[in-house]
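J.:
There are 2 protein chains.
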Amino acid sequence: MMSSVKRLLIGRPLKSDQLGDQKLNKTKALAILSSDALSSVAYGPEQILLVLITISAAAFWYSIPIAIGVLVLLTALILSYRQIIYAYPHGGGAYVVSKENLGKYPGLIAGGSLLVDYILTVAVSVSAGTDAITSAFPSLHPYNVIIAVVFVLLITTLNLRGVTESASFLAYPVYLFVLALFIMIGLGLFNVLTGRVPAELHTPIGTPVAGISLFLLLKAFSSGSSALTGVEAISNAIPNFKAPAPNNAAKTLAAMGILLAVLFSGIVLLAYYYGIIPSEEVTVVSQIAEQVFGRNFMYFFVQGTTALILVLAANTGYSAFPLLAVNLAKDKFIPRMFTVRGDRLGYSNGIVSLGVLSIILIIAFEGRTEHLIPLYAVGVFIPFTLSQTGMMIKWIRQKPEGWIPKLIINTTGAIISFVVTMMFFMTKFTQVWPVLIFLPLIILLFYRIHKHYEAVADQLRITTCEPPLAIEGNIIILPVAGITHVVENSLRYAKSLSAEQIIAVHVPFEREDDAIFEEKWKKFHPEVRLVTLYSPYRSIIHPLTKFIDTVQRKASESNYQVTVIVPQFIPKKGWHNILHNQSSLLIRAHLLYRRNVIITTVPYHLKK
Amino acid sequence: MMSSVKRLLIGRPLKSDQLGDQKLNKTKALAILSSDALSSVAYGPEQILLVLITISAAAFWYSIPIAIGVLVLLTALILSYRQIIYAYPHGGGAYVVSKENLGKYPGLIAGGSLLVDYILTVAVSVSAGTDAITSAFPSLHPYNVIIAVVFVLLITTLNLRGVTESASFLAYPVYLFVLALFIMIGLGLFNVLTGRVPAELHTPIGTPVAGISLFLLLKAFSSGSSALTGVEAISNAIPNFKAPAPNNAAKTLAAMGILLAVLFSGIVLLAYYYGIIPSEEVTVVSQIAEQVFGRNFMYFFVQGTTALILVLAANTGYSAFPLLAVNLAKDKFIPRMFTVRGDRLGYSNGIVSLGVLSIILIIAFEGRTEHLIPLYAVGVFIPFTLSQTGMMIKWIRQKPEGWIPKLIINTTGAIISFVVTMMFFMTKFTQVWPVLIFLPLIILLFYRIHKHYEAVADQLRITTCEPPLAIEGNIIILPVAGITHVVENSLRYAKSLSAEQIIAVHVPFEREDDAIFEEKWKKFHPEVRLVTLYSPYRSIIHPLTKFIDTVQRKASESNYQVTVIVPQFIPKKGWHNILHNQSSLLIRAHLLYRRNVIITTVPYHLKK
């Protein structure tokens, strides 16, 4: 039953050698890896205006130079990540770059913050998309959390079906969104150029504004930079591209950069010319769309595709998180299970973990995840800074042909990213301080996991010590609860093992039962030695363990091995299990974890 | 850690032969077994007035004859249960009586409704007590559910500590409550007799009232009878009494009947003479206390002890439920685990189940369990009727000396109980209909469980068939993941068992790994046969199961037994488990439940 539901949801399992079919072409890759970055133009420009409005609407012309600053940063990041793609074609992005050039701990800082960041991406973007939808249909508002959770479940299922299937499905909304914004920006700018937009709506560029400060401008700049989150994704997901993967990835990255630049600057320009003032109720993009189109089909087209792309931005997290997890797991910093491919060749454990963790976040914050945005932006700019610093070191160390321009690009990127990171800490400390707590914790956890895996590998390596002594003989202990077929069955098996000795053990709770049982046993199997251990405290485990300890002590003197044979009922129906004392499970768990004995389970399948 | 917390909460384990020390004397038994019955005087009289007020306050004089009716019913019940105690000194009350005299199904109806009823008792009385407390301290009101749950947890813990300990602790509030009400009734009646209470406050007895009907009077009577819930408890709990248990139980029952009669009639009389009118905000008892004492210490004493006894009424459920469960479990109608005594010799599984189920009810109804009261009263009167009908049959069949008066007592009790039950269905059908659904469901469940236990016993009985064929030889299958100490260790054990054949099985996920591993194995243990099963779908279980099936088919032809040896890591710390693939657990569970193979687990304890 379970397995047919699974088939229906995620499809038939794929063979390992079908992996090539699951690779992405550029069009699909652009759609699923850039939805995060592109969706951020829906709130990035607004963030700039929200800072400037604290002075006055007259300060809005500063959004133009600030946008230019963001574009410069974007260019530096794109060029820089282009270089990372060619230098590290196996993916891993900031984590691998930082680890290889800066060392283990910077790598873990980058990896840890990205890992958390992708979880935040999913939670934040799905919540934002849900908000956009429930703003349009206010009657759905009370169900915000449930709707968001359903979206996460849907996206998780799509991703479990496999990369290409989710790409085919998700490509449409992304391209429709781009189309919608292109039409809006084109028509809007046409209106501006043909003088149909009144000039009074905007203060001319260069108008002096009282109260403006460098601090404020930097704050506006860093807020606007939150539109650049998601640029990292492609460099993490190179292995998902069709061959030649690095070339295709680099081209996709360039295309994404251009789209992002056009959309971002278009929206900033229109907001400026139309004199849009950010408000609580209506988003900037919505205001622009209303001014440009009026409340007609196109307005709703822009709104609808924006809502969709916000939800789908989550999908970027699903592409990048599992691959980053694979890299961390291969280096033994997170559990090994993240390296296992699922039925459909995706890294299912990573996909499912991401889904579960973001649902927890959505529920914990009751769907109001807006104030996680600064946290999330910081979590992106820390690895940006580290990866580009790493690339600087790489160029300086290796000095390949033409390294000077490369160094300049990465240095510019590193400096701007660092400044943005610092601005976040300085201007939004109340919102970003948790980073300073959870990052060290995550790194401690990575460290502990790594230490454990190293210790295990050390103990298992066959070369580390001489082979153990051979076993000279076996002693079998058989706990018996009564004279039944189950015991008969186990005894038959015990006898077939040609052990040196078989000891049946009975643990009565009442003093009187002792003799009665011994009497019965004598008639049943007089040739097998029976030991009865009266248990005044009604515990089976305690006297049994004590007895086994004694036997084991003696056995080890002559290199004998002790095996406990535990008979186990297997009822025909699952619910029947609660009708039986689970003593055999308890005995097994206790002995296995506490003592060095071998446990043999002899099943007894009930027929009705 | 866990076990020391357990020690702290419930105390050191007791030996089975210390059971005698855990028995109750009459004073303690009265306290813990009558708290339910006595607490119902806090709401019983009010229920009568609430029905009469639907006509007019002039009808209040009818409360006197109705109370006399309730006293008659009480007398019949007490006398009747006294006879049950002597006839069935091993407890079980209505369940045993109905089962033995009326047959299996009437017994199960009585047992099932009482079982549910004790859960309702706990939920309803704890909620009522919590309400009484939060009415006094309104700032606590939002925490109603949490407070109620904490009370249930406290009472559960006390009961896990053992019967006598909870009795010692709980006796004080019960006797203080009785004392408080005695003082109130004494002083109140003194005031009435000495003429200090104005005669205008009450209409004289016999005043004709327009609109009164027999139906209404019967409704008022059945409502008042809800004060008699809890009378059954002592007959269920006879085994908890000190020897001679039946005598002591009978005396305790008589004492409880007298106390209940005095308190009930006292409150009805005072309510009549003082002309108390039931209100939403203030209970009848609280109004009487205010009239008698004024708002002084005594008023708060009455209020406080009332709140306490309402909470403690739950404890009656804790005394009776586990013993009823033992009776049902011995007859194989509910899981056998209910017959096991815990560390402190109480039937812990019953106690814990009762606590958990009532917490679920409290949370599900958000602490507003008042409308469960009629349901709960019906659940009591159904077994009352059945048990007394059972006693009637018993007397008629056995005709012991002096059986006629006994028959008359039980017949009276049966008829009144039956009438009350019918009144509940007729006058409060909207509240009691769930009984008609859950009772059949419970009985169906009892039936299914019983059938399963019978089937199992049938299959296990050693006399049912000839002994199975002896095992001629063993074939051992050893799944190996790599060349490690863990495998070496398991192989050493396999060799010591002198099996006919040992087969190592490796399941690679990549076609290339196949040859590589075979090469390595040849150097490692060339004498052991290795089978590699390439798994294109990356499942270990599937190819392994198929292989085992093949081996088993061949083995069974010559009476060979197949054993699978599964090596298992035992990490030093619990959390390390999530860092390892739990393949061995999965393999074990799958093979054990689906196939008839023996599974041997060889532990490999990691040292760091």
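Going down the list, the protein sequences come from chains A and B.
Position 211, counted from 1, in the first sequence is what the numbering used here calls 211; the numbers after and before it change by one each time, with no gaps.
Position 577, counted from 1, in the second sequence is what the numbering used here calls 1577; the numbers after and before it change by one each time, with no gaps.
Even for Gly, the Cβ is constructed at its ideal location relative to N, Cα and C.
1. Quick one: is A/G402 buried, meaning 16 or more other Cβ sit within 10 Å of its Cβ, or exposed?
2. Which of the three DSSP states is assigned to B/N1296 in this structure?
3. Please list the terminal residues of the continuous beta strand (DSSP E) segment that includes B/F1569.
4. Is the CB of A/I471 under 7 Å away from at least one CB in chain B?
5. Taking 7 Å as the CB-CB limit, is A/V352 close to chain B?
6. What number of angstroms, rounded off, separates the C-alpha of A/E281 from the C-alpha of A/L52?
7. Only counting the same chain, and skipping five residues up and downstream in sequence, which positions put a Cβ closer than 8 Å to that of A/S264?
8. Can you list, in chain order, the residues of its chain with a C-beta nearer than 6 Å to that of A/Q552? Leave out the 5 residues immediately preceding and following it.
9. Assuming contact is defined by CB atoms lying nearer than 7 Å, are A/V528 and A/A499 in contact in what I supplied?
10. Which same chain residues, not among the five before or five after A/N489, have their C-beta less than 8 Å away from its C-beta?
11. Within 10 Å of its beta-carbon, does B/A1457 have 16 or more other beta-carbons around it, so buried, or fewer, so exposed?
12. Please give the ranges of any alpha helix (DSSP H) in the stretch 24 to 95 of chain A, keeping only runs that are unbroken, at least 4 residues long and fully inside the region.
13. Closest Cβ-Cβ distance between A/L115 and chain B: below 7 Å?
14. For the stretch 1554 to 1565 of chain B, list every residue whose C-beta sits within 7 Å of some C-beta in chain A, in sequence order.
15. Any beta carbon of chain A sitting closer than 7 Å to that of B/I1587?
16. Where does the unbroken beta strand (DSSP E) through A/V602 begin, and where does it stop?
17. Out of B/I1570, B/E1518, B/G1195 and B/A1037, state which residue places its alpha-carbon closest to the alpha-carbon of A/K596.
18. Per DSSP, B/Q1501 is paired with what?
19. What residues from chain B crowd round A/T601, counting only those whose CB sits closer than 9 Å?
20. Do B/L1038 and B/Y1376 have their beta-carbon atoms positioned less than 7 Å apart in this structure?
21. Where are the alpha helix (DSSP H) runs, 4 residues long or more, that stay fully inside the stretch 126 to 175 of chain A, in chain order?
22. What residue does the beta strand (DSSP E) around A/T532 start on, and which one ends it?
23. Pairs of beta-carbons, one from the stretch 305 to 319 of chain A and one from the stretch 22 to 35 of chain A, closer than 8 Å: are there three or more?
24. For B/I1396, does the count of other Cβ atoms within 10 angstroms reach 16, so buried, or fall short, so exposed?
25. Per the DSSP calculation, B/R1461 is bridged to which residue(s)?
26. Report the option in B/Q1022, B/Y1447, B/T1054 and B/Y1453 whose CA atom is closest to the CA atom of B/S1213.
27. May I have the straight-line CA-CA distance separating B/L1201 from B/L1050, to the nearest angstrom?
28. List the residues of chain B that A/P400 touches, going by C-beta distances under 8 Å, in chain order.
29. Using the beta-carbon of each residue, which ones in chain A are nearer than 8 Å to B/H1576?
30. Using a Cβ-Cβ distance cut-off of 7 Å, determine whether B/Q1303 contacts chain A.
31. Short check: CB of A/A455 to CB of A/A307, under 7 Å?
32. With H, G and I counted as helix, E and B as strand and the rest as coil, what does DSSP make of B/H1506?
33. Quick one: residues in its chain with C-beta nearer than 7 Å to the C-beta of A/P374, no 5 flanking neighbours on either side, listed in chain order?
34. Using a C-beta to C-beta distance shorter than 7 Å, which residues of chain A count as neighbours of B/P1013?
35. Return no unless some Cβ of chain A is closer than 7 Å to the Cβ of B/L1445.
36. Please report the distance separating the alpha-carbon of B/V1356 from that of B/V1292.
T.: The relevant details are as follows:
1. exposed
2. coil
3. Y1560 to I1570
4. yes
5. no
6. 18 Å
7. Correcting the residue type first, residue 264 of chain A is Phe in the shown sequence and not Ser. Cβ within range, chain order: V41, G44, P45, A67, V70, L71, L74 and A227.
8. V562
9. no
10. P567, V602 and Y604
11. exposed
12. 26 to 39, 44 to 52 and 63 to 87
13. no
14. Q1561
15. no
16. I598 to H605
17. It should be noted that the sequence gives Asn, not Lys, for residue 596 of chain A. It is B/I1570 whose Cα lies nearest to the Cα of A/N596.
18. B/I1475
19. R1588, L1592, I1598, I1599, T1600 and T1601
20. no
21. 144 to 161
22. R529 to T532
23. yes
24. exposed
25. A/T484
26. B/T1054
27. 18 Å
28. Per Cβ cutoff of 8 Å: no residues; A/P400 is ~33 Å from chain B at best.
29. H452
30. no
31. no
32. strand
33. F424, K428, Q431 and V432
34. Y537
35. no
36. 41 Å
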